[in-house]
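In UniProt numbering, the protein residues as written are 1 to 404.
Using N, Cα and C, we set each Cβ at its ideal position, and we do this for glycine too.
The structure displayed is predicted, hence computed values, not measured ones.
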Ligand code: ADP
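This is how it looks when you write it as structure tokens:
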């Protein structure tokens, strides 16, 4: 039987917010997008954007995610602001889930066992997994019988070989707790690497691709033929690059040293490393937003200048390491807020690999948010601006699995 329903609802649920997109999989274009804010907090607000029509705002307090989802369905099917007649026009719902543990190298149709696994990993992603589960359970209540699919931020990282994902700590900790490198932003890394292979006409089985996902949270992955071989984020998203507020790699002994010197608990110091470090901390508290850091550096603020240099230097180190790990590189891609908008970071990183024959095309690089080959035609490495689209990546998986 032909699979007739062609729309996928993608949900990204936070503890008090819910982002959604309804995507028509025939042309992979969104029909509507929206954001529910302040769920279970006075002042709840739904902003629904049917594509091609005016925004529609509903200000109505909701006590939980189930009530929020019900209002989202009302908006989607509203006779004036809606884009579908009823829920039967939705083939499946794709949920972003941050931590899937070691069991899921791919997205999966959600059943009780999958929910139990998501729950099991709540302690590793305490801000995200419980909220992701709330979203799943809310949809189960609001749309009984619909196929729900979980797309994990960790699935792409499951491709890493043991030598890349294992930490050099006693092996019992892997056996008991699965302490390993997971590599987050997996949906983005997978999407961008696959799209880059198509866009640059590379061999889908052998292409060596590095993706720099540079947003507020930032990570780098290396993949060969679409299979992740290394990724900069670790057991949690704290490891790797310098980010807006996260430190990225540090000597772990720093944690105890700050605890002792400042009379703080490990929890407090980890909070500092997650929320008060990165370019925010390095700049002496100016901002976690890279635009503010760039402006401050341009105005001659020394700390901001060093923060920016360190941010870019760390990216170059990771890219260099991954090129060595793969024995070369065919494409280096830039994505997310900084990667898509900041030509200077792309120029500096691209030019750092001039010794390998990478050549940035300054004219082509003078662009924002649009998929573009930003290297010169004779560059030995393709440099690509590839906007990420995590919602579409999730929708593709949900569509594929719902059809089975
Ligand atoms: P996340 O999804 O991790 O919150 P985004 O991918 O939306 O982050 O990226 C947000 C970041 O992108 C902002 O913090 C901002 O610093 C950065 N950004 C956006 N535009 C620019 C720009 N023109 N130049 C430099 N940085 C930018």
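Residue i versus residue j: straight-line alpha-carbon distance, rounded
i           : j           : result
residue 47  : residue 68  : 12 Å
residue 141 : residue 135 : 10 Å
residue 353 : residue 139 : 47 Å
residue 190 : residue 263 : 42 Å
residue 1   : residue 84  : Below a pLDDT of 50, predicted positions are generally treated as unreliable, and residue 1, at 44, falls in that range; no measurement from the model is reported.
residue 292 : residue 272 : 20 Å
residue 303 : residue 58  : 43 Å
residue 308 : residue 215 : 14 Å
residue 358 : residue 381 : 5 Å
residue 314 : residue 250 : 12 Å
residue 405 : residue 210 : The chain is shown from 1 up to 404; residue 405 falls before or after that span and cannot be answered.
residue 14  : residue 280 : 23 Å
residue 53  : residue 289 : 31 Å
residue 344 : residue 399 : 38 Å
residue 34  : residue 18  : 8 Å
residue 7   : residue 28  : 9 Å
residue 25  : residue 389 : 14 Å
residue 356 : residue 392 : 33 Å
residue 480 : residue 378 : With the chain covering 1 to 404 only, the question about residue 480 has no answer from this structure.
residue 324 : residue 43  : 52 Å
residue 270 : residue 248 : 12 Å
residue 201 : residue 376 : 15 Å
residue 137 : residue 102 : 22 Å
residue 56  : residue 186 : 32 Å
residue 45  : residue 30  : 21 Å
residue 163 : residue 20  : 37 Å
residue 394 : residue 260 : 44 Å
residue 167 : residue 81  : 51 Å
residue 299 : residue 334 : 26 Å
residue 169 : residue 181 : 12 Å
residue 283 : residue 74  : 45 Å
residue 475 : residue 229 : Because the chain here runs from 1 to 404, residue 475 falls outside it and cannot be looked at.
residue 268 : residue 275 : 10 Å
residue 143 : residue 257 : 51 Å
residue 206 : residue 120 : 36 Å
residue 374 : residue 322 : 20 Å
residue 245 : residue 112 : 36 Å
residue 342 : residue 312 : 11 Å
residue 97  : residue 255 : 29 Å
residue 286 : residue 240 : 22 Å
residue 110 : residue 266 : 35 Å
Under 8 Å between C-beta atoms of residue i and residue j
i           : j           : result
residue 92  : residue 146 : yes
residue 346 : residue 365 : yes
residue 226 : residue 188 : no
residue 70  : residue 49  : no
residue 22  : residue 76  : yes
residue 155 : residue 100 : yes
residue 63  : residue 40  : yes
residue 183 : residue 231 : yes
residue 199 : residue 368 : no
residue 384 : residue 336 : no
residue 218 : residue 243 : yes
residue 234 : residue 149 : no
residue 316 : residue 338 : no
residue 212 : residue 224 : no
residue 329 : residue 208 : yes
residue 152 : residue 104 : yes
residue 117 : residue 386 : no
Where the alpha helix (DSSP H) containing residue i begins and where it ends
i           : result
residue 34  : No alpha helix (DSSP H) holds residue 34; the beta strand (DSSP E) holding it covers 29 to 37.
residue 119 : 112 to 120
residue 130 : 129 to 142
residue 194 : 186 to 200
residue 77  : 65 to 77
residue 179 : No alpha helix (DSSP H) contains residue 179, which DSSP labels as neither H nor E.
residue 165 : 162 to 165
residue 401 : 390 to 403
Endpoints, the beta strand (DSSP E) within which residue i is located
i           : result
residue 208 : 208 to 214
residue 374 : Note, residue 374: premise wrong, no beta strand (DSSP E); not H, not E.
residue 49  : 45 to 50
residue 56  : 56 to 59
residue 358 : Looking at the DSSP string, residue 358 is not in any beta strand (DSSP E), and its letter there is neither H nor E.
residue 152 : 147 to 152
residue 20  : 18 to 24
residue 96  : 90 to 97
residue 11  : 7 to 13
residue 382 : 382 to 385
The ligand COA heavy atom lying under 7 Å from the CB of residue i
i          : result
residue 41 : The model depicted lacks the ligand COA and carries the ligand ADP instead.
Chain-ordered list of residues that sit, by beta carbon, closer than 7 Å to a heavy atom of the ligand ADP: 215, 216, 217, 244, 288, 289, 290, 291, 294, 336, 337, 338, 341, 342, 368
message: Ignoring anything shorter than 3 residues, give me the beta strand (DSSP E) runs that lie fully in the stretch 218 to 273, in order along the chain.
response: 218 to 224, 227 to 231
message: What ranges does the beta strand (DSSP E) occupy inside the stretch 268 to 354, keeping only unbroken runs of at least 3 residues that lie completely in it?
response: 331 to 335
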